[in-house]
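Enquirer: In order, the protein sequence lines correspond to chains A and B.
For the first sequence, my numbering assigns the number 464 to the initial residue and increments by one for each residue that follows.
For the second sequence, my numbering assigns the number 464 to the initial residue and increments by one for each residue that follows.
There are 2 protein chains.
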Amino acid sequence: MNIATKAKPHDRLATYLSEDMTAVGALIRERMASEHAPRIPEVTAHLVEAGGKRLRPMLTLAAARMCGYDGPYHVHLAATVEFIHTATLLHDDVVDESAQRRGRPTANLLWDNQSSVLVGDYLFARSFQLMTEPGSMRVMRILSNAAATIAEGEVLQLTAAQNLATDESVYLQVVRGKTAALFSAATGVGGVIADAPEDHVRALFDYGDALGVAFQIVDDLLDYRGQSDATGKNVGDDFRERKLTLPVIKAVAKADAEERAFWVRTIEKGRQEEGDLDTALGLLHRHDALMETEREARNWAEKARSALAPLPDHPVREMLSDLAEYVVSRIG
Amino acid sequence: MNIATKAKPHDRLATYLSEDMTAVGALIRERMASEHAPRIPEVTAHLVEAGGKRLRPMLTLAAARMCGYDGPYHVHLAATVEFIHTATLLHDDVVDESAQRRGRPTANLLWDNQSSVLVGDYLFARSFQLMTEPGSMRVMRILSNAAATIAEGEVLQLTAAQNLATDESVYLQVVRGKTAALFSAATGVGGVIADAPEDHVRALFDYGDALGVAFQIVDDLLDYRGQSDATGKNVGDDFRERKLTLPVIKAVAKADAEERAFWVRTIEKGRQEEGDLDTALGLLHRHDALMETEREARNWAEKARSALAPLPDHPVREMLSDLAEYVVSRIG
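Below, the structure is given as structure tokens:
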């Protein structure tokens, strides 16, 4: 683990791309404005300025720079990606009835669900305006496909989350939709806008996809691992919200009749009692579900690293490789 | 009123464009499918098959045909427009907490708010995928601008609706956003895809804009006029939902101190009592608010008709002209 001795890869990327990131920030502020409806920038600023990591726009900038792009449009695409992400967060918080995001009260709590739904719609529309500006049909197809895949993943999650029949392949589909689709579109369009050779573009997609899957699995693992600092969530949130994530899917697969009855009651029927979270954690340990989940996250991170192989030798390539390692190092 | 003796202009257009409309219906069914999330087509079909008038896609087809288009892409654009419209309906019903739409229970009631939000997002994304297919940058800019203007209008309505300071110019901005933006984009892209001369495209935009404004004013008028059949809403819904629409704005502008106190209590504070709707209707009549609202609707319809002047002589042009007259003839 050499990365412990260096600055975090995320911070190294941010430093390397700092001029570009400043331009992205300025463009985001410019485009989140609304001449007629001041509520829009209020709600957006609350979320945008809460200091998210801006990982996704950074991926677009990194990919474009690594592929030698020197035009202005990687900034538009990075802002597009961040707008899509912000819109989905606003809508997610309505769907999940969340009260906290990035350590602050959610917009649906501070304003109302209506504002979150409509401002999210506005940001979606803004993202589509932005993505037309570089004039690349392929870029628009990639990003509009990603937006459809995200929504599809979210709907699938809605119907699959409380259903014990949900297996690892459905889980992977949900994760690919809700998280990996935007990661891979973010890296992919960076290569496309730079007019990179096809095998480089493919490599960037594969990297983004595997990084996104690793990222989400780690998130779902940390929910049971007890490091609420790393996620901004409380331990067991997914359990209380009856979300069937990978650790539980693995434990359900090995459950005996009595254990199965426990999962049916707590997840499917949602009749949770005092002490159930501890019982759930006990079952996850008994069946090595957390260890196996961790192993999968590491496999996906490794996939992300090896996807970078076809790409040219470049300082950014090393940072992206470290980033994949770093994502799973959050597991601790 | 010669149109009373003929088939309704909407039906004549539908007959004239029946092949195209069939193609639009087939494309909508194809694209509302989802490989992974069956909830999506279920929710969409509930709304799409409730037999909306499909006025917006018809406008796109009509404009394209009138301008001599004979390619395949007017069908994609018409489906795009209907997807955007359907997505906004799904989200509107969540925002308004509506229970009925097109005479049937709303999706948020039959399923849940979550499904309505996420399926709406999916249809937005689908609409953006569709609009890229003709490969026209200008078409994409028009439609993505329209989507942003719609969301902006909805947010503006959210903040302006219960505020008695809302005047006719703010009302017009809301109406332009929530209704006219999509009407004018629908007619405009029909001309653009047909490569029509610039003054024809301009005329189509102006027609769609004025038609949309007339359409919405009539809707807001009928809400107080007592013909619930024509709108599928109950008389006084807007009053009960505390929506400051044109009739009330006109009555508030002429209110004395006591009347003003009534509007503050019922609309701004929302403390409504038995008999308040009758009082409100009395005030609307006393100040000729409904008559003046009707006059404005007729003016906008007339603007729509005259906007058609630069366009070539064509059977569709006559139908569009009659359609503008028909929209206000719903007033009765």
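All C-beta atoms, glycine included, are put in the ideal place defined by N, C-alpha and C.
Because the structure is a prediction, the values reported are computed rather than measured.
(1) Alpha helix (DSSP H) containing Val676 (chain A): first to last residue?
(2) Using 10 angstroms around the beta-carbon of Pro710 (chain B), count the other beta-carbons present and answer buried if the total reaches 16, otherwise exposed.
(3) For the alpha helix (DSSP H) containing Thr523 (chain B), list its first residue and its last residue.
(4) Given a cut-off of 7 Å, decide if Ser579 (chain A) and Leu553 (chain A) are closer than it, judged by their beta-carbon atoms.
(5) If you draw a straight line from the alpha carbon of Pro597 (chain A) to that of Thr595 (chain B), how long is it in whole angstroms?
(6) What does the Cβ neighbour count give for Asp616 (chain A), buried or exposed, with the cut at 16 atoms within 10 Å?
(7) With Asp575 (chain B) as the anchor, note down where its alpha helix (DSSP H) starts and where it stops.
(8) May I ask you to report which of helix, strand or coil DSSP gives Arg749 (chain B)?
(9) Quick check on Gly534 (chain B): buried or exposed, where buried means 16 or more other Cβ atoms within 10 Å of its Cβ?
(10) Out of B:His777, B:Val791 and B:Ala752, point me to the one whose CA is closest to Glu765 (chain B)'s CA.
(11) What does Tyr670 (chain A) touch in chain B if you count any residue whose Cβ is under 7 Å from its own?
(12) Which two residues bound the contiguous alpha helix (DSSP H) that contains Glu722 (chain A)?
(13) Which residue comes first and which comes last in the alpha helix (DSSP H) that contains Tyr479 (chain A)?
(14) Chain B partners of Asn608 (chain A), CB-CB under 7 Å?
(15) Leu606 (chain B) lies in the alpha helix (DSSP H); which residues open and close that run?
(16) Count the other CB atoms, across all protein chains shown, that sit within 10 Å of the CB of Lys713 (chain B); report buried if there are 16 or more and exposed otherwise.
(17) If you count every other CB in all the chains shown that lies within 10 Å of the CB of His748 (chain A), and 16 or more means buried, which is it?
(18) Note down the Cα distance separating Ala772 (chain B) from Leu490 (chain A), rounded to an integer number of angstroms.
(19) Do we get a CB-CB distance below 7 Å when we pair Ser784 (chain B) with the residues of chain A?
(20) Between which residues of its own chain and Asp700 (chain A) is the CB-CB distance below 7 Å, once the five residues before and five after are set aside?
(21) State the CB to CB distance for the pair Ala649 (chain B) and Arg519 (chain B), rounded to an integer number of angstroms; the pair is presumed to be in contact (CB under 8 Å).
(22) What three-state label does DSSP hand Gln563 (chain A) in the structure shown?
(23) Below 8 Å between beta carbons is the criterion; list the residues of the stretch 503–518 of chain A that meet it against any residue of chain B, in chain order.
(24) Measure the C-alpha to C-alpha separation of Leu581 (chain B) and Thr507 (chain B) and round it to an integer number of angstroms.
(25) Between which two residues does the alpha helix (DSSP H) carrying Pro710 (chain A) extend?
(26) Count the CB pairs spanning the stretch 523–531 of chain B and the stretch 653–670 of chain B that are closer than 8 Å, and state whether there are at least three.
(27) Are the beta-carbon atoms belonging to Leu606 (chain B) and Phe646 (chain B) less than 7 Å from one another?
(28) Measuring alpha carbon to alpha carbon, tell me which of B:Phe587, B:Val511 and B:Ser769 ends up nearest Gly566 (chain B).
(29) Counting contacts by CB-CB distance shorter than 7 Å, is Asp683 (chain B) in contact with chain A?
(30) Go through its chain and collect everything with a Cβ distance to Leu744 (chain A)'s Cβ below 7 Å, but skip five positions before and after it.
(31) Would you say Ser632 (chain A) lies against chain B (beta-carbon separation less than 7 Å)?
(32) Round the Cβ separation of Val698 (chain B) and Ala760 (chain B) to the nearest angstrom and send it over; I've been treating them as touching at under 8 Å.
(33) Using the Cα positions of Glu560 (chain A) and Ile730 (chain A), report the straight-line distance between them to the nearest angstrom.
(34) Give a yes or no on whether 7 Å exceeds the smallest Cβ distance from Gln577 (chain B) to chain A.
(35) Quick check: the Cα distance between His750 (chain B) and Asp719 (chain B), rounded to an integer number of angstroms?
(36) Report the option in B:Arg502, B:Pro775 and B:Gly671 whose CA atom is closest to the CA atom of Trp786 (chain B).
Expert: A quick look at the data gives this:
(1) Glu661 to Arg688
(2) buried
(3) Leu518 to Met529
(4) yes
(5) 14 Å
(6) Correcting the residue type first, residue 616 (chain A) is Gly in the shown sequence and not Asp. When all chains shown are included, Gly616 (chain A) counts as buried.
(7) Unbroken run through Asp575 (chain B): none, as it is neither H nor E.
(8) helix
(9) exposed
(10) B:Val791
(11) Simply none; closest approach about 23 Å.
(12) Ala720 to Trp726
(13) Pro472 to Tyr479
(14) Gln592
(15) Met600 to Ala623
(16) buried
(17) exposed
(18) 41 Å
(19) no
(20) Asp686
(21) 5 Å
(22) strand
(23) Ile503
(24) 11 Å
(25) Leu709 to Ala716
(26) yes
(27) no
(28) B:Val511
(29) no
(30) Tyr687
(31) no
(32) At roughly 18 Å, the Cβ-Cβ gap does not stay under 8 Å, so Val698 (chain B) and Ala760 (chain B) are not in contact.
(33) 17 Å
(34) yes
(35) 11 Å
(36) This sequence places Leu at residue 786 (chain B); Trp is not what is there. For Leu786 (chain B), the nearest C-alpha among the options comes from B:Gly671.
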